[in-house]
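Asks: Here it is, the structure in full.
2 protein chains.
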Amino acid sequence: MAPEATVQSNQNEDVPRLENLTLSQRAHAFLRDEILSNRLPPGTELQELALSQQLGVSRGPIREALGRLAAEGLVTVRPRRGAVVHSLSSGEFLEAYQVREALEVLAVRLAVPLLGPEGLAQLQTLTDTMASRAASGHVTEFFEANSLFHETFVQLSGNEKLQEVYRRLIGQMRRYWRRSLVLRGDLRRSVAEHREILRAAREGDAEKAAVLMAEHIRVPQVRLQSMTADELLEAETSFDRKVTE
Amino acid sequence: MAPEATVQSNQNEDVPRLENLTLSQRAHAFLRDEILSNRLPPGTELQELALSQQLGVSRGPIREALGRLAAEGLVTVRPRRGAVVHSLSSGEFLEAYQVREALEVLAVRLAVPLLGPEGLAQLQTLTDTMASRAASGHVTEFFEANSLFHETFVQLSGNEKLQEVYRRLIGQMRRYWRRSLVLRGDLRRSVAEHREILRAAREGDAEKAAVLMAEHIRVPQVRLQSMTADELLEAETSFDRKVTE
DNA sequence: CGGCTGGTAACTGTTAACAATCCGCGCGCG
DNA sequence: CGCGCGCGGATTGTTAACAGTTACCAGCCG
Chain A
641 MAPEATVQSN
651 QNEDVPRLEN
661 LTLSQRAHAF
671 LRDEILSNRL
681 PPGTELQELA
691 LSQQLGVSRG
701 PIREALGRLA
711 AEGLVTVRPR
721 RGAVVHSLSS
731 GEFLEAYQVR
741 EALEVLAVRL
751 AVPLLGPEGL
761 AQLQTLTDTM
771 ASRAASGHVT
781 EFFEANSLFH
791 ETFVQLSGNE
801 KLQEVYRRLI
811 GQMRRYWRRS
821 LVLRGDLRRS
831 VAEHREILRA
841 AREGDAEKAA
851 VLMAEHIRVP
861 QVRLQSMTAD
871 ELLEAETSFD
881 RKVTE
Chain B
641 MAPEATVQSN
651 QNEDVPRLEN
661 LTLSQRAHAF
671 LRDEILSNRL
681 PPGTELQELA
691 LSQQLGVSRG
701 PIREALGRLA
711 AEGLVTVRPR
721 RGAVVHSLSS
731 GEFLEAYQVR
741 EALEVLAVRL
751 AVPLLGPEGL
761 AQLQTLTDTM
771 ASRAASGHVT
781 EFFEANSLFH
791 ETFVQLSGNE
801 KLQEVYRRLI
811 GQMRRYWRRS
821 LVLRGDLRRS
831 VAEHREILRA
841 AREGDAEKAA
851 VLMAEHIRVP
861 QVRLQSMTAD
871 ELLEAETSFD
881 RKVTE
């Protein structure tokens with residue numbers, strides 16, 4: 641068998657290379673990343689000409705990308721007045737948290753009966769990572785591990801539609817991770833809650849794990865409802881001081 | 641036959657309400673409606689040139705509309721190979737049902753404590769409508785009232801983010817209403833379940849209403865899981881015979 | 001007779017130019 | 001001095017033409 645005769649090399653096709661994508665897809669991915677990473681914070685005005693020059697393409701692909709981002713809820717377009725990065729009010733943030741709770745409870749119910757040794761090990765590793773990062777005060781890195789823990793449950797649920805809906809929602813919320821952390825409060829308590837969820841999952845008790853997950857996600861909700869807007873702002877700024885120092 | 645009558649034919653307003661919107665918004669709304677009403681059934685190939693001639697606009701707005709529809713999950717675009725109306729497999733349909741259950745349970749939990757006399761009256765009217773349409777065998781009209789019943793709960797939840805996510809999901813599922821009805825089975829039992837949900841809501845027992853709603857939505861799921869693809873197809877065709885006669 | 005190859009037509013991706021609308025600003029009027 | 005009013009620049013909405021890719025088909029070679 642001629643080992644080099646395989647003309648169609650599948651080995652570099654399975655990973656979508658950015659070079660082969662269409663310009664509108666690249667613009668979409670680029671802007672999405674810029675928004676999700678907060679380099680384009682909520683409220684930023686997005687002008688087509690500026691973006692097209694920055695990316696070196698014409699306005700057509702830019703418009704398509706903006707339209708898709710609008711359909712995803714990441715930007716709002718005001719007809720004939722341009723697009724701005726969408727921002728969530730406190731109320732909308734709370735609403736999103738409620739939906740997220742429902743989705744993650746479903747994820748846990750579906751995932752727990754399917755969990756194998758490798759899934760449990762994955763979750764255990766993430767929990768340990770969270771614990772060490774919480775102990776060392778690396779809040780940003782803690783948040784990353786925390787997000788991965790929750791997303792892992794959604795992935796292990798095996799329900800792709802759920803993953804799609806969840807990721808879209810998380811994409812809208814992730815930019816407010818500082819607000820989330822402020823509302824979360826004590827990280828050690830958060831780690832303990834994750835450990836409890838994982839223990840229930842390991843025991844195969846889907847219902848218990850689901851209830852624990854619901855309570856866990858409800859913690860920031862009740863804090864948000866009991867805080868005024870001023871208190872929230874004050875807490876966020878003091879959080880910023882603590883992190884940047 | 642007459643594809644060259646493009647310039648003058650569509651210059652008048654087929655849909656007078658949409659005059660103020662941009663062309664891409666009109667194209668988006670038009671295609672969305674065509675897809676949701678099943679005039680463009682799943683699997684239909686959407687060619688930009690044909691659509692632009694049909695709507696009397698150029699390809700730019702059409703492309704923007706297709707991009708937004710793709711972001712909404714209503715069409716899938718294969719790069720350089722055109723767009724097709726997205727279709728749901730049995731598995732994806734079941735997945736969507738699971739997500740829908742989670743969302744509607746949340747809606748019931750939120751809505752019940754907020755229900756006033758007018759909300760209850762609205763739900764009662766819809767239930768009565770469903771009952772009469774089920775009794776007279778008007779299955780299509782029954783489905784409409786049924787959809788409205790469920791959507792009303794979501795609306796009365798007061799959570800706009802939930803409404804947004806729910807409507808997007810329902811938009812993907814509504815085209816398969818025949819499959820839904822086949823899986824639902826006995827309409828009278830369905831009506832009875834709605835009455836029970838409404839009674840619990842009237843009593844202010846949100847938890848009971850939520851559980852009843854979950855069981856109600858799970859009925860088609862368990863039937864779908866217990867059916868093979870062939871049985872489902874057979875049931876759908878026999879359903880078509882029964883409806884069209 | 002089947003599979004490969006080359007050409008061709010149709011379609012998508014992209015661009016630049018054109019048209020329409022909005023916004024800020026200064027001017028004139030009351 | 002305040003307020004409308006239009007005018008000019010900037011920005012979005014739309015179009016037609018161009019470029020590149022894919023799919024299809026006929027004809028040739030094995």
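Respectively, the protein sequence lines represent chains A and B.
When the first sequence is numbered by my numbering, its final residue is 885 and no position is left out of the sequence of numbers.
When the second sequence is numbered by my numbering, its final residue is 885 and no position is left out of the sequence of numbers.
C-beta atoms are modelled at their ideal positions from N, C-alpha and C, and glycine is treated no differently.
Note down, in chain order, every chain B residue with its Cβ under 9 angstroms from the Cβ of A:Val822.
Replies: Stepping through the first sequence from its first residue, residue 822 of chain A is reached at position 182. Ordered by position in chain B, no residue passes the 9 angstroms Cβ test against A:Val822, which lies about 20 angstroms from the chain.
Asks: Can you list, in chain order, the residues of its chain whose CB lies under 7 angstroms from that of A:Leu766, leaving out five sequence neighbours each side?
Replies: The residue given as residue 766 of chain A occupies position 126 in the first sequence. The answer, listed in chain order, is Ala785, Leu788, Phe789 and Thr792.
Asks: In this structure, how does DSSP classify A:Thr780 when only helix, strand and coil are distinguished?
Replies: Position 140 of the first sequence, counted from the first residue, corresponds to residue 780 of chain A. Helix.
Asks: Classify B:Glu685 as buried or exposed, calling it buried when 16 or more other Cβ atoms lie within 10 Å of its own Cβ.
Replies: Here residue 685 of chain B corresponds to residue number 45 of the second sequence, with the count starting at 1. Exposed, by the Cβ-count rule.
Asks: Using 8 angstroms as the threshold, is the region 676-694 of chain B in touch with the region 744-753 of chain A, meaning 3 or more CB pairs across them?
Replies: no
Asks: Taking the straight line between their C-alpha atoms, what separation do you get for B:Gly683 and A:Leu872?
Replies: Locating residue 683 of chain B in the second sequence gives position 43, where the first residue counts as 1. Locating residue 872 of chain A in the first sequence gives position 232, where the first residue counts as 1. Their Cα atoms are separated by approximately 49 angstroms.
Asks: Let me make sure I understand the geometry here. Which of B:Ala875, B:Gln865, B:Phe733 and B:Glu688 has the alpha-carbon closest to that of A:Lys801?
Replies: Taking the first sequence and counting its residues from 1, one reaches residue 801 of chain A at position 161. Across the set B:Ala875, B:Gln865, B:Phe733 and B:Glu688, the C-alpha of B:Phe733 shows the shortest separation from the C-alpha of A:Lys801.
Asks: Kindly indicate if chain A contains any beta-carbon less than 8 angstroms away from that of B:Pro719.
Replies: Position 79 of the second sequence, counted from the first residue, corresponds to residue 719 of chain B. Yes, B:Pro719 lies at the interface with chain A (some Cβ there is under 8 angstroms from its Cβ).
Asks: Along chain B, which residues have their Cβ under 7 angstroms away from the Cβ of A:Ala711?
Replies: Start at 1 with the first residue of the first sequence, and residue 711 of chain A comes out as number 71. By Cβ distance, chain B contributes Arg708, Ala711 and Glu712.
Asks: Assuming B:Leu676 and B:Gly811 are in contact, meaning their beta carbons sit under 8 angstroms apart, how far apart are those beta carbons, in whole angstroms?
Replies: Counted from its first residue, the second sequence places residue 676 of chain B at position 36. Counted from its first residue, the second sequence places residue 811 of chain B at position 171. Rounded, the Cβ-Cβ distance is 6 angstroms, consistent with contact.
Asks: Quick one: what does DSSP say A:Leu686 is sitting in, helix, strand or coil?
Replies: Taking the first sequence and counting its residues from 1, the one referred to as residue 686 of chain A is at position 46. DSSP places A:Leu686 in strand when its eight states are reduced to three.
Asks: According to the neighbour-count rule (16 or more other Cβ atoms, all chains shown, within 10 Å of its Cβ), is B:Ser664 buried or exposed?
Replies: Residue mapping note: residue 664 of chain B aligns to position 24 of the second sequence, counting from 1. Burial call: buried.
Asks: Under 8 angstroms, do B:Leu763 and B:Leu852 count as touching if we go by C-beta distance?
Replies: As a working mapping, residue 763 of chain B is identified with position 123 in the second sequence. As a working mapping, residue 852 of chain B is identified with position 212 in the second sequence. Note that the C-beta distance between B:Leu763 and B:Leu852 is not below 8 angstroms.
Asks: Under 7 angstroms Cβ-Cβ, which residues of chain B neighbour A:Ala736?
Replies: Within the first sequence, residue 736 of chain A is the residue found at index 96, counting from 1. Simply Lys801.
Asks: Less than 8 angstroms between the beta carbons of B:Arg679 and B:Glu688, yes or no?
Replies: Along the second sequence, one-based indexing puts residue 679 of chain B at 39. Along the second sequence, one-based indexing puts residue 688 of chain B at 48. Contact: no.
Asks: Does the beta-carbon distance from A:His726 to A:Met770 come in below 8 angstroms?
Replies: Within the first sequence, numbered from 1, the residue matching residue 726 of chain A stands at position 86. Within the first sequence, numbered from 1, the residue matching residue 770 of chain A stands at position 130. No, the pair does not count as a contact, with Cβ atoms beyond the cut-off.
Asks: If we ignore side chains and look at the alpha-carbon of each, how far apart do A:Tyr737 and B:Ala747 end up?
Replies: What you label residue 737 of chain A is simply residue 97 of the first sequence in a count that begins at 1. What you label residue 747 of chain B is simply residue 107 of the second sequence in a count that begins at 1. Spanning the alpha carbons of A:Tyr737 and B:Ala747 requires a straight line of approximately 13 angstroms.
Asks: Considering only C-alpha positions, which residue in the set B:Glu744, B:Ser730, B:Leu821 and B:Arg720 is nearest to B:Ala846?
Replies: By one-based count along the second sequence, residue 846 of chain B stands at place 206. Ranking B:Glu744, B:Ser730, B:Leu821 and B:Arg720 by Cα distance to B:Ala846 puts B:Glu744 first.
Asks: Can you tell which of B:Asn660, B:Arg720 and B:Ala667 has the C-alpha that lies nearest to the C-alpha of A:Pro719?
Replies: Along the first sequence, read from residue 1 onward, the residue named residue 719 of chain A stands at position 79. Of B:Asn660, B:Arg720 and B:Ala667, the residue nearest in Cα terms is B:Asn660.
Asks: If contacts are defined as beta-carbon pairs under 8 angstroms, then B:Ser638 and B:Ala869 qualify, I think. What distance do you get, rounded to the angstrom?
Replies: In the structure as shown, chain B begins at 641 and stops at 885. Residue 638 of chain B is therefore absent and cannot be evaluated.
Asks: Which of the residues in the region 661-675 of chain B, read from start to end, lie with their CB under 9 angstroms from any CB of chain A?
Replies: In summary, the residues of the region 661-675 of chain B whose CB is separated from some CB of chain A by less than 9 angstroms are Leu661, Thr662, Ser664, Gln665 and His668, in the order they occur in the chain.
Asks: Output the distance between the C-alpha atoms of B:Asp826 and B:Ala742, rounded to the nearest integer angstrom.
Replies: Walking along the second sequence from the start, residue 826 of chain B turns up at place 186. Walking along the second sequence from the start, residue 742 of chain B turns up at place 102. Going by the C-alpha atoms only, they are around 23 angstroms apart.
Asks: In or out: B:Glu855 buried (at least 16 other Cβ within 10 Å) or exposed?
Replies: Locating residue 855 of chain B in the second sequence gives position 215, where the first residue counts as 1. It counts as exposed.
Asks: So, at 7 angstroms on beta carbons, what are the nonlocal neighbours of B:Val739 in its own chain, with the 5 sequence-adjacent residues on each side left out?
Replies: As a position in the second sequence, residue 739 of chain B is number 99, starting the count at 1. Cβ neighbours of B:Val739 beyond the five flanking positions: Leu809.
Asks: Whose C-beta lies closer than 6 angstroms to the C-beta of B:Ser797 among residues of the same chain, with five residues either side of it excluded?
Replies: Along the second sequence, one-based indexing puts residue 797 of chain B at 157. Closer than 6 angstroms at Cβ, skipping near neighbours: Ala747, Leu750 and Ala751.
Asks: Note down, in chain order, each residue of its chain lying with its Cβ closer than 8 angstroms to the Cβ of A:Glu653, except the 5 sequence neighbours on either side.
Replies: Along the first sequence, one-based indexing puts residue 653 of chain A at 13. Residue placement at A:Glu653 is poorly supported in this model, since its pLDDT is 37, which falls under 50; the coordinates are not used for a value here.
Asks: Does the CB of B:Glu732 have a neighbour CB from chain A at under 8 angstroms?
Replies: In the second sequence, the residue the question calls residue 732 of chain B occupies position 92. Chain A, which has a Cβ nearer than 8 angstroms to the Cβ of B:Glu732, makes this yes.
Asks: If you drop the 5 nearest sequence neighbours on each side, which residues of the same chain put their C-beta closer than 6 angstroms to that of B:Arg863?
Replies: Position 223 of the second sequence holds residue 863 of chain B. Leu823.
Asks: With which residues is A:Thr716 paired in a DSSP beta bridge?
Replies: As a first step, residue 716 of chain A must be located in the first sequence, where it is residue number 76. For A:Thr716, the pairing in a beta bridge is given by DSSP as A:Val724.
Asks: Just how far apart, CA to CA, sit A:Gly777 and B:Arg666?
Replies: Within the first sequence, numbered from 1, the residue matching residue 777 of chain A stands at position 137. Within the second sequence, numbered from 1, the residue matching residue 666 of chain B stands at position 26. CA-CA distance, A:Gly777 to B:Arg666, rounds to 52 angstroms.
Asks: I want to see whether chain B comes within less than 8 angstroms of A:Arg815, judged by CB atoms only; does it?
Replies: Counted from its first residue, the first sequence places residue 815 of chain A at position 175. Not closer than 8 angstroms to any Cβ of chain B, the Cβ of A:Arg815 fails to qualify, so no.
Asks: Hey, how far is the Cα of A:Phe783 from the Cα of A:Trp817?
Replies: For this step, residue 783 of chain A is matched to residue 143 along the first sequence. For this step, residue 817 of chain A is matched to residue 177 along the first sequence. The alpha-carbon separation between A:Phe783 and A:Trp817 amounts to approximately 7 angstroms.
Asks: Can you confirm whether A:Ala742, when its beta carbon is compared against all beta carbons of chain B, has any partner nearer than 8 angstroms?
Replies: Against the first sequence, residue 742 of chain A aligns to sequence position 102. Cβ-Cβ to chain B under 8 angstroms: yes for A:Ala742.
Asks: Quick one: residues in its chain with C-beta nearer than 8 angstroms to the C-beta of B:His668, no 5 flanking neighbours on either side, listed in chain order?
Replies: For the purposes of this step, residue 668 of chain B is taken as the residue at position 28 of the second sequence. Contacts found: Glu704, Ala705, Arg708 and Leu709.
Asks: Could you check whether B:Ala832 and A:Glu605 sit closer than 8 angstroms to each other, using their CB atoms as the reference points?
Replies: As displayed, chain A neither begins before 641 nor continues past 885, which places residue 605 of chain A out of reach and without an answer.
Asks: Kindly say whether A:Ser649, judged by its beta-carbon, lies nearer than 8 angstroms to any beta-carbon of chain B.
Replies: As a working note, residue 649 of chain A is residue 9 in the first sequence. Note that A:Ser649 has pLDDT 37, beneath the 50 cutoff, so the model's placement of it is unreliable and the number below is only indicative. No, A:Ser649 lies away from the interface with chain B (no Cβ there is under 8 angstroms from its Cβ).
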